[in-house]
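2 protein chains.
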Amino acid sequence: MKRFLSTTTAKMSTTRKFNLGCPADLHVHLRDGKMMDLVTPTVREGGVSVAYVMPNLVPPVTTIERVMDYKERLEKLAPKTTFLMTFYLCKELTPELVEKAAELGVIHGIKCYPAGVTTNSSKGVDPNDFSAFYPIFEVMQKNSLVLNLHGEKPSTHNNHKQEHDEEPIHILNAEPKFLPALIKLHQDFPKLKIVLEHCTTKAAIDAVRQINSTRTSGEPVTVAATITAHHLFITIDDVCGNPINFCKPVAKLPIDRRALIDAATSGEDYYFFGSDSAPHILNNKSRNMGVCAGVYVQNNAIAYVAEVFDKYNKLDNLKKFVTDNGKKFYNLADDKLKCLDEVELVERKHEVPEFIGELGTDLIVQPFKPKEVLSWDVQWTNKFN
Amino acid sequence: MKRFLSTTTAKMSTTRKFNLGCPADLHVHLRDGKMMDLVTPTVREGGVSVAYVMPNLVPPVTTIERVMDYKERLEKLAPKTTFLMTFYLCKELTPELVEKAAELGVIHGIKCYPAGVTTNSSKGVDPNDFSAFYPIFEVMQKNSLVLNLHGEKPSTHNNHKQEHDEEPIHILNAEPKFLPALIKLHQDFPKLKIVLEHCTTKAAIDAVRQINSTRTSGEPVTVAATITAHHLFITIDDVCGNPINFCKPVAKLPIDRRALIDAATSGEDYYFFGSDSAPHILNNKSRNMGVCAGVYVQNNAIAYVAEVFDKYNKLDNLKKFVTDNGKKFYNLADDKLKCLDEVELVERKHEVPEFIGELGTDLIVQPFKPKEVLSWDVQWTNKFN
Chain A
2 MKRFLSTTTA KMSTTRKFNL GCPADLHVHL RDGKMMDLVT PTVREGGVSV AYVMPNLVPP
62 VTTIERVMDY KERLEKLAPK TTFLMTFYLC KELTPELVEK AAELGVIHGI KCYPAGVTTN
122 SSKGVDPNDF SAFYPIFEVM QKNSLVLNLH GEKPSTHNNH KQEHDEEPIH ILNAEPKFLP
182 ALIKLHQDFP KLKIVLEHCT TKAAIDAVRQ INSTRTSGEP VTVAATITAH HLFITIDDVC
242 GNPINFCKPV AKLPIDRRAL IDAATSGEDY YFFGSDSAPH ILNNKSRNMG VCAGVYVQNN
302 AIAYVAEVFD KYNKLDNLKK FVTDNGKKFY NLADDKLKCL DEVELVERKH EVPEFIGELG
362 TDLIVQPFKP KEVLSWDVQW TNKFN
Chain B
2 MKRFLSTTTA KMSTTRKFNL GCPADLHVHL RDGKMMDLVT PTVREGGVSV AYVMPNLVPP
62 VTTIERVMDY KERLEKLAPK TTFLMTFYLC KELTPELVEK AAELGVIHGI KCYPAGVTTN
122 SSKGVDPNDF SAFYPIFEVM QKNSLVLNLH GEKPSTHNNH KQEHDEEPIH ILNAEPKFLP
182 ALIKLHQDFP KLKIVLEHCT TKAAIDAVRQ INSTRTSGEP VTVAATITAH HLFITIDDVC
242 GNPINFCKPV AKLPIDRRAL IDAATSGEDY YFFGSDSAPH ILNNKSRNMG VCAGVYVQNN
302 AIAYVAEVFD KYNKLDNLKK FVTDNGKKFY NLADDKLKCL DEVELVERKH EVPEFIGELG
362 TDLIVQPFKP KEVLSWDVQW TNKFN
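Residue numbers (my numbering), protein chains in the order written: chain A, 2 to 386; chain B, 2 to 386.
Right, here's the structure in full:
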């Protein structure tokens, strides 16, 4: 019996490996202050070379000085990581400022939050009418800046007057109800690069596929979608009763999760990885009311995704999703990266830590799937060695 | 200005009052041990005279001895409250035992939990096949015992195999998917009294209305529905991020809430109040994972409901919902009540306590809508005084 077991082990030890190049996580929240210190180094730990950094600090990032300062501080914490910076779309931005930022190359895009839908979004915009920002979108289109959309309509579910009129907006239809605004933006700015961030519904996946279906061969992607790691795993059932899984947009139904998995694993060039990793201290997740929205996945970002690709026998498409598609959309040639170390995905069981940070202090973050065993791990290789 | 204000105050002080008779809460969880000691007296504080007590203790209540002992302990804690007792449907019950319990008059009904759907339901039944319990239902029908259904199919949302086959069961469709089982039970036992407990969906409300639409005038209700207080207020948006509002079945969409409000305020005799008040210690609600399902409303049960009826100008129908319909369905003549004190609903602002129990101990329960101000309050009157 022992011999048989050891034979099996020997067979199993032919570990599978995949070179993923320089993976990009095109939607990360690295916060500021001590939280920034804690999570920024975990970008690389999680197998990510390029991080597209969200601007929803307090106050939001809306000036050239602040975005440069923020980037500098991030690079000090993680010198081998390439940080792509963004502005926060709000009335403080002007077309002139955006033009100048584009010319200086300090930002790659601008993030648009509907007011009030998620963490630090109170200064966001009204997605029912983007027209006030059209002069900015003109400048962005001209300068190849990317518009990153948090694609949800603000909730009206507690507006009782609407109950008998049109369907109120609630957490489950907030994203589908946003899609007409995406389509209109694309019609009005056909060359503006737009990303519908952290898609959670089949409707959103279908809308982005539909827009891309009219692209001619060789034409670059203008409207893309990011998909997170955690939305490949969870549904609304996993959110209710588990604040650790609560984020905006909330995870939806099994049919939606399946659409996300199909899109991510398809290899199609307009779907790519953006983890939306959004750390909160444990105290803000272990509450009976007012839990903060956000799931932290950064320290195992690629490993989580690999888990799902493996389950659906699509590991051959993983590099497209986590590296190639996003880098192509953002025009990230190798000479724009701080470091050309590559990630190797290795079949190797390891446990997700229960916490990162220092136990006994306030600065404790619980990762997604704490203490669960993942089958895939990452290691960095230097191809010039 | 001051004079004007005091005139207004004088006008406002013509407080409205409504006599509600002896209200019945036909679905309560009073637990056991110290929690039972804490919450049982709050049944009366909340304006409830008759409480229909759920049997999901650990172990569940399945014997005549235990149900009598439980009732005795409850009566000691609240001598003026009438407790109607139930068995827990599971394979430990036999037709003979149920017949004996009915003859002794120690139970009014039997609660059926699908296995695994809520707190202490691991011993529940498979709602895909009730046939094993048909001999018990025969005895119940004969003896006018009520079958109280937790109307949800167990979840299959994480069974990936089903994703491309039939629609998986998740927290949002679990109740609608149960309705065919309700209809079949009613067809197979047309005289068995059945309550679809704590309805949360328009589909459930419509199904019960449909069943009753074929009743001839004067024919008693056989299939009824209870509606909670909290489901008249909240939707899924209020549950995600607020574990205090997490219960099973979870609150659904605005259109569902509106159907519940319309049903409750309609005065129709097959809809009545069952709060499903389900206390948990605060520690079990303030968690980042594995939050306990249940909302505690008992200490203001009637006041919460009154709030909604007032908002929709339906206070004239409140007594039907909280008193008359339920008492009629359960054949509760006055001589079956322990006390004939009546409840007066009074327009009087008061704040929901943040907690009940003893701060600094484990035994702390947070009520629904903590620290919010309610416009209606209850007071007891003795009509023989």
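Every residue, glycine too, gets a C-beta built ideally from N, C-alpha and C.
This structure is a prediction, so every number in the text was calculated from the model and none was measured.
Membership of A:K81 in any alpha helix (DSSP H) is not indicated, and neither H nor E is assigned to it by DSSP.
Taken through DSSP and simplified to helix, strand or coil, B:T16 comes out as coil. Residues of chain A with a Cβ closer than 8 Å to the Cβ of B:L283 are, in chain order, N289. The residues N121, in chain order, have a CB closer than 7 Å to that of B:V59 in the same chain once the five nearest residues on each side in sequence are set aside. Against B:V251, the close residues of chain A are C241, in the order they occur along the chain (beta-carbon pairs closer than 7 Å).
Distance from the CA atom of A:F310 to the CA atom of B:M86, rounded to whole angstroms, is 52 Å. When secondary structure is reduced to three states using DSSP, B:L346 falls in the strand class.
Annotation: the continuous alpha helix (DSSP H) that includes B:I212 extends over 203-213. Counting along the chain, the unbroken beta strand (DSSP E) around A:I111 starts and ends at 110-113. Contact of A:V306 with chain B is not assigned, every C-beta pair being separated by 8 Å or more. Below the 8 Å Cβ cutoff, chain B contributes T236, I237, D238, L254, P255 as neighbours of A:H171, in chain order. Across the set A:L148, A:D38, A:E73, the C-alpha of A:L148 shows the shortest separation from the C-alpha of A:H109. In the three-state reduction of the DSSP assignment, B:G117 falls in the coil class. Among the residues of the region 262-286 of chain A, those with a Cβ less than 7 Å away from any Cβ of chain B are L283, K286, in the order of the chain. Rounded to the nearest angstrom, the gap between the Cα atoms of B:K92 and A:L346 is 50 Å.
Around B:Q367, the beta-carbon contacts reaching into chain A at under 9 Å are N289, M290. For A:A260, the uninterrupted alpha helix (DSSP H) run begins and ends at 255-267, by DSSP.
Interface criterion not met: the Cβ of A:S122 is under 8 Å from no Cβ in chain B. A:I228 is outside the set of residues whose beta carbon lies under 8 Å from a beta carbon in chain B. Under the three-state reduction of DSSP output, B:E73 falls in the helix class. Counting C-beta pairs with one atom in each stretch, the region 328-340 of chain A and the region 35-51 of chain A have three or more that are closer than 8 Å, which means they touch. Neighbours of A:H158 in chain B, taken as residues whose beta carbon is under 7 Å from its own, are T236, D238, P255 in chain order. Burial of B:H151 is indicated by the presence of at least 16 other C-beta atoms within 10 angstroms of its C-beta.
Here A:R32 is not near A:K81, since their CB atoms are 8 Å or more apart.
The secondary-structure analysis by DSSP pairs B:G358 across a beta bridge with B:I365. DSSP lists A:P115 as the beta-bridge partner residues of A:V126. Setting aside the 5 residues that flank it on each side, B:P255 is surrounded in the same chain by T236, each with a C-beta closer than 6 Å to its C-beta; the list follows chain order. Judged by beta-carbon spacing, A:P136 lies beyond the 8 Å limit of A:F179, meaning their Cβ atoms are not closer than that value. Only residues of its own chain outside the window of five on either side were considered, and among them T201, T202, K203 have a CB closer than 7 Å to the CB of B:D257, listed in chain order. By the rule that beta-carbons nearer than 8 Å mark a contact, B:P177 does not touch chain A. B:D238 has its alpha-carbon roughly 12 Å from the corresponding atom of A:P169.
The C-beta of B:H231 has 16 or more other C-beta atoms within 10 Å across all chains shown, which makes the residue buried. Collapsing the DSSP output to three states places B:A294 in coil. Under DSSP, A:Y89 forms a beta bridge with A:K112.
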